[in-house]
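> Starting off with a structure, shown below.
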Amino acid sequence: MQLASNCNKYLIKLLLTPVLSLILTGQVVAEGKTLSQFKPQLSDEFKAQLSTATPDQGEIIFMRKCSSCHDHEKLGGHGKGPHLWNLMGRKAGSSPGFYYSEAMKQSGHSWNFSTINYYLTNTEQAVPGRIMEFRGIRRDKVRARLLAFLRTLNDNIPPLP
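Under our numbering, the first residue of the sequence shown is numbered 10, with each subsequent residue one higher.
Put into C-alpha cells, the structure is as follows:
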C-alpha cells in the first residue's frame with residue numbers, strides 16, 4: 010500500500026508540475042531538459058523585469074548568494090567557483106585555470122541571459138552532475154536583478170535582450 014501511495018504522489022507531481030508552472034508563470038518549464046538538450050528562451054515578462062532591474066539591486070543579491078564562492082572583480086581570480094568577469098559570452102566550463110566538472114565542460118552551451126537564467130532556476134536540472142552546490146533561485150524578479158549585475162561584469166557589456 011505504501012509503494013502505491015508513493016507512486017501516486019510521484020505521478021501527481023510529474024503531471025501537475027507543468028500545469029502549475031503554466032498557471033503561475035504563463036509558460037511551461039522544460040522538465041528534465043539540460044542546457045545541452047534545450048535552448049532556453051526568455052519570456053516577455055522576464056525581459057520586462059530584466060529591463061527594470063538595476064545592477065545595484067543585483068549586486069546585493071550577488072553578495073548574499075554568490076560571493077562566498079565567486080569573485081566578480083575584473084582583476085580577481087577563481088575561488089571555490091570560477092571567476093565571473095566576462096561570464097556573458099563565455100563557453101561553459103572554459104575559464105582557464107579552474108577545475109570544472111565533466112558535466113559542465115561537456116554541457117556545450119555558452120553563457121548568455123537565457124542560459125544563465127535557466128541555470129539559476131534549477132542548477133541540477135540544467136547541468137546534472139555539476140560540482141556547484143547551489144539549488145537555484147526560484148523568483149524571476151531576483152534572477153532578473155542578479156542578471157542585471159552579472160551583465161556589468163564584462164569588458165564589453167552586452168545589450169539587454
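All residues carry an ideal CB built from backbone N, CA and C; glycine is no exception. The model shown is predicted, which means the values in this text are computed figures rather than measured ones.
Straight-line CA distance for Thr161 to Ala57?
18 Å
> Give the DSSP-derived three-state secondary structure of Lys48 in the structure shown.
Residue state, collapsed to three classes: coil.
> What are the partner residues of Ser77, as DSSP defines its beta bridges?
Beta-bridge pairing links Ser77 to no other residue.
> Short of 6 Å in beta carbon distance, which residues of its chain neighbour Ile146, apart from the five on each side in sequence? Order them along the chain.
Leu129, Arg152
> Just the Cα atoms here: how many angstroms apart are Leu159 and Thr63?
11 Å
> When you compare only the Cα positions, how much space is there between Glu82 and Tyr108?
19 Å
> For Ile166, count the other beta carbons within 10 Å of its own beta carbon; 16 or more makes it buried, fewer makes it exposed. Which is it?
Counting other Cβ atoms within 10 Å of its Cβ, Ile166 stays below 16 and is therefore classed as exposed.
> Distance, Cα to Cα, Met141 vs Asp80?
14 Å
> Around the C-beta of Leu31, are 16 or more other C-beta atoms found within 10 angstroms, so that it is buried, or is it exposed?
At Leu31, the pLDDT of 35 sits below 50, so the modelled position is not reliable; the number obtained from the coordinates is stated separately. Burial call: exposed.
> Mark Leu169 as exposed unless 16 or more other C-beta atoms lie within 10 angstroms of its C-beta, in which case mark it buried.
exposed
> When we look at the beta-carbon of Thr1 and count the other beta-carbons within 10 Å, is it buried (16 or more) or exposed?
The shown model of the chain, from 10 to 170, leaves out residue 1, and the question about it has no answer.
> Considering only residues of the same chain and omitting the five flanking positions on each side of Asp164, which have a CB-CB separation below 7 Å?
Asn95
> Just to confirm my understanding: we take Gly106, look at its own chain, exclude 5 residues before and 5 after, and list those with CB closer than 7 Å. What are they?
His87
> Who are Lys100's beta bridge partners in DSSP?
Ser119
> In the DSSP assignment, find the alpha helix (DSSP H) that holds Ser60 and state where it starts and stops.
53 to 61
> Could you give the DSSP three-state label for Asn95: helix, strand or coil?
coil
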